[in-house]
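Novice: Just so you know, full-length UniProt numbering puts 120 at position 120 of the sequence shown, and the rest follows in order with no gaps.
From the three backbone atoms N, C-alpha and C, an ideal C-beta is built for every residue, glycine too.
Keep in mind it's a predicted model, so treat the numbers as computed, not measured.
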Amino acid sequence: MNCIVVDDEPLAREVIKDLITTQPKLKFIQEFNSASKAEIYLKSNTVDLIFLDIEMPGLNGLKFAESVPVNTFIIFTTAYRNYAVESYSLDAVDYLLKPIFPDRFAKAVGKAISLHKLLLKEDSDLPDKTKNFLFVKADRKYYKILFEKILFIQGLKDYSLIYSGTEKIMTLLNLKTLHKQLPLDKFIRVSKSYIVNETAIDAFDNNTIYIKDHQIPIGKVYQDDFYKQYIDKEI
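1. Which residue's Cα is closest to the Cα of Tyr194: Tyr41, Glu55, Glu167, Leu178?
2. Considering Cα atoms alone, identify which of Phe105, Tyr95, Ile211, Asn207 is closest to Val221.
3. Whose CA, out of Glu31, Leu52, Ala35, Ala79, lies closest to the CA of Val93?
4. By alpha-carbon positions, which one of Lys27, Pro69, Ile20, Leu26 ends up nearest to Ile40?
5. Helix, strand or coil for Lys107 per DSSP?
6. What do you get for Arg189, buried or exposed, if any count of 16 or more other CB atoms within 10 angstroms of its CB means buried?
7. Going by DSSP, what residues sit across from Val6 in a beta bridge?
8. Please classify Ile231: is it buried, with 16 or more other beta-carbons within 10 angstroms of its beta-carbon, or exposed?
9. Please determine if the region 42 to 51 and the region 62 to 82 are in contact, where contact requires at least 3 C-beta pairs separated by less than 8 Å.
10. Looking only at its chain, what residues have a beta carbon closer than 8 Å to the beta carbon of Arg104, apart from the 5 residues adjacent to it on each side?
11. Would you kindly check if the distance between the Cβ of Phe152 and the Cβ of Ile211 is under 8 Å?
12. From the DSSP output, in three-state form, read off Leu96 for me.
13. Identify which residue in Leu26, Asp225, Gly61, Ala108 has its Cα closest to the Cα of Ser87.
14. Are the CB atoms of Met170 and Tyr163 within a distance shorter than 8 Å?
15. Under the DSSP definition of a beta bridge, which residues are partnered with Leu146?
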């Protein structure tokens with residue numbers, strides 16, 4: 001995991017950088033003495049993990065954390081206990097009090113690495129055929145969704161909506177990424193904007209699939225694949 005350190009105190013940055021060198025799965029790439037500089041950096045660079053101080057001149061760490069991409073993990077590093085509750089509401093991996101001890105640092109990094117592995121599985125081109133569920137990150141939580149519960153997935157411009165019974169979960173994963181995680185013998189791409197669970201289909205005609213109260217259009221370029229995968233199988 002590549003990581004950056006954001007802290008206005010030079011000595012604090014040095015301590016954290018030294019701790020990073022003890023973790024073989026971490027790669028230090030940059031340090032910043034202000035959150036505003038780190039914010040600019042994130043606009044054009046991908047970062048897996050941020051070690052982030054809270055009380056800094058100008059933009060503080062908590063406000064900065066609100067703008068951090070959802071797939072970038074945060075470990076807060078601070079001398080103050082009173083921000084702990086607020087930090088976890090921002091989905092921080094951990095909250096480290098200064099002075100930071102090596103064993104506590106290692107524990108926090110271990111959490112971040114585990115979550116990062118989960119994200120990598122989401123982006124994998126090879127679905128695990130033994131799994132009957134997927135994990136998606138939404139609302140700063142990880143949701144476990146059983147394949148059999150998914151009715152269909154709608155792709156919108158910057159996110160996707162997973163319809164599961166009466167529940168609807170919004171995730172920043174796109175349709176292409178989600179489709180890779182699904183069993184291809186059960187889920188069919190029927191248009192640029194929809195993937196359906198074939199076991200959830202109640203009815204269909206030439207142009208539309210009906211699932212409960214939902215009407216899902218079948219794209220013209222997807223009709224042949226739909227007929228081959230679903231209709232031919234059922235006949």
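Specialist: Looking at the atomic coordinates:
1. Of Tyr41, Glu55, Glu167, Leu178, the smallest CA-CA separation from Tyr194 is found for Leu178.
2. Among Phe105, Tyr95, Ile211, Asn207, the Cα nearest to that of Val221 is on Asn207.
3. Leu52
4. Comparing alpha-carbon positions, the option among Lys27, Pro69, Ile20, Leu26 lying closest to Ile40 turns out to be Pro69.
5. helix
6. buried
7. Phe32, Leu52
8. Ile231 is exposed by the Cβ-count criterion.
9. yes
10. Leu96
11. Annotated as proximal: Ile211 and Phe152, with beta-carbon spacing under 8 Å.
12. Secondary structure of Leu96 (DSSP, three-state): strand.
13. Minimum Cα distance to Ser87 is reached at Gly61.
14. no
15. Phe133
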